[in-house]
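Asks: Numbering (the numbering used here) for the sequence shown: 133 to 455.
Note that CB positions come from ideal geometry on N, CA and C, so glycine has one too.
Model, not experiment: these values are computed from the prediction.
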Amino acid sequence: MTYARIIGTGSYLPEKILTNQDLEQIVETSDQWIQERTGIRQRHVAAEGQSCSDLATIAAQRALDAAGVTAADIDLIVLGTCTPDRVFPSTACLVQHRLGVPGGSPAFDVSAACSGFVYALDVARRYLETGGGKRALVIGAETITRLLDWSDRSTCVLFGDGAGAVVLESGEQPGILSTHLHADGQYEDLLGVPWGISQGFEELNERAGTIEMRGNEVFKVAVRTLGRIVDETLDANGLKKSDVNWLVPHQANVRIIAATAKKLDMPMERVVVTVGEHGNTSAASIPLALDAAVRDGRIQRGELLLLEAFGGGFTWGSALIRY
């Protein structure tokens, strides 16, 4: 059997840091209020003129370096984002060119909001396992602060910018054991950006183009849904909760993360949590957290990782990985 295995990770966070204390000067909120409800202490914000592809290119190059391969070795790029540089070409194509990945190999974006990286990982995994190529670059990158209304304290305190990436390689050694993707569009009004090219401009209002969220309702659906996907992933692989070494979740809210860990009967010491430093970086949050835990030595080769995400759409997904 052919598997797709992670052979390198990389990440990048913009230099500018926006703390909760900084936000107290912008909007009516407080450090205590933000931390108690989300666990977030600070977030990174892309500089003026710094694009999604800029962040993605740096993270991708660091993943290539960690894997010990070059851009010439990559056969596919799949990039998860909901904040692309342009309508087209895709951000993945821009990254392909900047990295020097040979022209002719496929490169495209996946839009699944905060689940974008897991969706992209699923696509790349299947491509490699069916003989489409030898190595793939999977990226999650966002400049999601560009979608914020800084007068809306319910959303502007939550999000940050960043990028993370992994290099996958096909082979006989077990790697990505399974991936599970889902979506349900009936919840479109609970979390989203109410603007789009095909809707035209005459319907725009003063807040069009910024994130709108009904937080309490999103929280309830997220906790319930992520609990189900934990069971689905373990059942599909014939595993027990105790078999999982690390939970690497989407970093949206520390209370959602804790609820998923409880479902796994997993102590928080075995959960990678970066939401305090990064905020919610949407599709970038899982690869950012994964790279942090790999580089600081927490995650070791051979350990079993459960990645899970939930995002606007709603979309949700998981990946079980033998690292």
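Rounded to whole angstroms, what is the Cα-Cα separation between L437 and L422?
Replies: Here the question's residue 437 lines up with position 305 in the sequence shown. Here the question's residue 422 lines up with position 290 in the sequence shown. Counting only the Cα atoms, L422 lies some 10 Å from L437.
Asks: For the beta strand (DSSP E) that G443 lies in, which residues bound it at each end?
Replies: Start at 1 with the first residue of the sequence shown, and residue 443 comes out as number 311. Residues L436 to G443.
Asks: Which first and last residues belong to the alpha helix (DSSP H) in which H229 is found?
Replies: Residue numbering aside, residue 229 sits at position 97 when the sequence shown is read from its first letter. Residues T223 to L231.
Asks: Are I355 and A199 touching if we call contact CB-CB under 7 Å?
Replies: The residue labelled residue 355 in the question sits at position 223 within the sequence shown. The residue labelled residue 199 in the question sits at position 67 within the sequence shown. Here residue 355 is Val; the residue named in the question, Ile, does not match the sequence. Taking 7 Å as the cut-off, the Cβ atoms of V355 and A199 do not count as close.
Asks: Consult DSSP for Q167 and reduce its assignment to one of helix, strand or coil.
Replies: Residue mapping note: residue 167 aligns to position 35 of the sequence shown, counting from 1. Three-state result, Q167: helix.
Asks: Could you tell me which of A192, H176, R360 and D254 sits nearest to T275, measuring between CA atoms?
Replies: As a first step, residue 275 is located in the sequence shown; it is residue number 143 there, counting from the start. It is H176 whose Cα lies nearest to the Cα of T275.
Asks: I'd like to check one pair, I190 with Y144: are the Cβ atoms closer than 7 Å?
Replies: Counted from its first residue, the sequence shown places residue 144 at position 12. Counted from its first residue, the sequence shown places residue 190 at position 58. Yes, the pair counts as a contact, with Cβ atoms nearer than the cut-off.
Asks: Check the DSSP bridge columns for L309 and list the partner residues they point to.
Replies: Numbered from its first residue, the sequence shown carries residue 309 at position 177. L309 is not bridged to any residue.
Asks: Keeping to the same chain, check which residues put their C-beta closer than 7 Å to that of E160; ignore five residues upstream and five downstream.
Replies: Position 28 of the sequence shown, counting from 1, holds the residue named residue 160. If you ignore the 5 residues before and after E160, its C-beta comes within less than 7 Å of the C-beta of R285, all in its own chain and listed in chain order.
Asks: Quick one, are the C-beta atoms of G296 and L420 less than 7 Å apart?
Replies: Counting from one through the sequence shown, the residue named residue 296 turns up at place 164. Counting from one through the sequence shown, the residue named residue 420 turns up at place 288. Going by C-beta atoms, G296 is nearer than 7 Å to L420.
Asks: Give the DSSP bridge partners of E274, in chain order.
Replies: Counting from one through the sequence shown, the residue named residue 274 turns up at place 142. BP columns for E274 point to G294.
Asks: Under 7 Å, do L313 and Y251 count as touching if we go by C-beta distance?
Replies: Numbered from its first residue, the sequence shown carries residue 313 at position 181. Numbered from its first residue, the sequence shown carries residue 251 at position 119. Yes, the pair counts as a contact, with Cβ atoms nearer than the cut-off.
Asks: Taking D217 as the reference, which of D363, L279, E261 and Q432 has the closest Cα?
Replies: If you number the sequence shown from 1, residue 217 lands on position 85. Checked all of D363, L279, E261 and Q432; the closest Cα to D217 is L279.
Asks: By how many angstroms is the C-alpha of G140 removed from the C-alpha of V227?
Replies: Along the sequence shown, read from residue 1 onward, the residue named residue 227 stands at position 95. Along the sequence shown, read from residue 1 onward, the residue named residue 140 stands at position 8. Each residue's Cα considered, the two are about 17 Å apart.
Asks: Could you tell me which whole alpha helix (DSSP H) segments of length 4 or greater appear in the region 137-200?
Replies: 152-156, 163-170 and 184-199
Asks: Please state the DSSP three-state secondary structure of M398.
Replies: Locating residue 398 in the sequence shown gives position 266, where the first residue counts as 1. If DSSP states are grouped into helix, strand and coil, M398 belongs with coil.
Asks: Rounded to whole angstroms, what's the CA-CA distance from Q174 to G328? Just pull it up for me.
Replies: Your numbering for residue 174 matches position 42 in the sequence shown. Your numbering for residue 328 matches position 196 in the sequence shown. Whole-angstrom Cα-Cα distance: 30 Å.
Asks: By alpha-carbon positions, which one of G142, P234 and R387 ends up nearest to I166?
Replies: By one-based count along the sequence shown, residue 166 stands at place 34. Measuring from the Cα of I166, the nearest candidate turns out to be R387.
Asks: Take S283 and list the residues in its own chain whose beta-carbon comes closer than 8 Å to its own, dropping the five residues that flank it on each side.
Replies: Here the question's residue 283 lines up with position 151 in the sequence shown. Here the set comprises V159.
Asks: On the DSSP bridge assignment, give the partners of V250 in chain order.
Replies: In the sequence shown, residue 250 corresponds to position 118, counting from 1. None; V250 has no bridge partner.
Asks: Hey, quick one: how far does the beta strand (DSSP E) through F351 stretch, first residue to last?
Replies: Position 219 of the sequence shown, counted from the start, is the residue given in the question as residue 351. First-last for F351: G347 to N369, but that is the alpha helix (DSSP H), not the beta strand (DSSP E).
Asks: Residues in its own chain within less than 6 Å of V350 by CB, not counting five upstream and five downstream?
Replies: Counting from 1 along the sequence shown, the entry for residue 350 is found at position 218. Cβ within range, chain order: L322 and L323.
Asks: Would DSSP call G408 helix, strand or coil?
Replies: Taking the sequence shown and counting its residues from 1, the one referred to as residue 408 is at position 276. If DSSP states are grouped into helix, strand and coil, G408 belongs with the helices.
Asks: Going straight from the alpha carbon of P306 to that of L366, what length do you get?
Replies: Indexing the sequence shown from 1 puts residue 306 at position 174. Indexing the sequence shown from 1 puts residue 366 at position 234. Their Cα atoms are separated by approximately 16 Å.
Asks: Use the C-beta contact count for E304: other C-beta atoms within 10 angstroms, 16 or more gives buried, fewer gives exposed.
Replies: On the sequence shown, position 172 is the one that residue 304 refers to. Around the beta carbon of E304, a 10 Å sphere encloses fewer than 16 other beta carbons of the protein chains shown; the residue is thus reported as exposed.
Asks: So, helix, strand or coil for Y319, using DSSP?
Replies: The count along the sequence shown starts at 1 and reaches residue 319 at position 187. Y319: helix per DSSP, three-state reduction.
Asks: Can you tell me whether P234 is buried or exposed, with buried defined as 16 or more other CB within 10 angstroms of its CB?
Replies: Working through the sequence shown from its first residue, we reach residue 234 at position 102. Its Cβ having fewer than 16 others within 10 Å, P234 is exposed.
Asks: Whole angstroms are fine: how far does the CA of A195 sit from the CA of T215?
Replies: Numbered from 1 along the sequence shown, position 83 holds the residue referred to as residue 215. Numbered from 1 along the sequence shown, position 63 holds the residue referred to as residue 195. Distance between the alpha carbons of T215 and A195: 21 Å.
Asks: For the region 340-347 and the region 405-414, state whether three or more C-beta atom pairs, one from each stretch, are separated by less than 8 Å.
Replies: no
Asks: Taking G212 and G264 to be in contact with their CB atoms under 8 Å, please state how far apart those CB atoms are, rounded to whole angstroms.
Replies: Taking the sequence shown and counting its residues from 1, the one referred to as residue 212 is at position 80. Taking the sequence shown and counting its residues from 1, the one referred to as residue 264 is at position 132. G212 to G264, Cβ: 18 Å. No contact.
Asks: Which residues share a DSSP beta bridge with W448?
Replies: Within the sequence shown, numbered from 1, the residue matching residue 448 stands at position 316. Its beta-bridge partners are H314 and F442.
Asks: Tell me the DSSP secondary structure of R258 in three-state form.
Replies: Position 126 of the sequence shown holds residue 258. Here R258 sits in helix by DSSP.
Asks: Does DSSP put R218 in a helix, in a strand, or in coil?
Replies: Residue mapping note: residue 218 aligns to position 86 of the sequence shown, counting from 1. The answer is coil: DSSP assigns R218 none of H, G, I, E or B.
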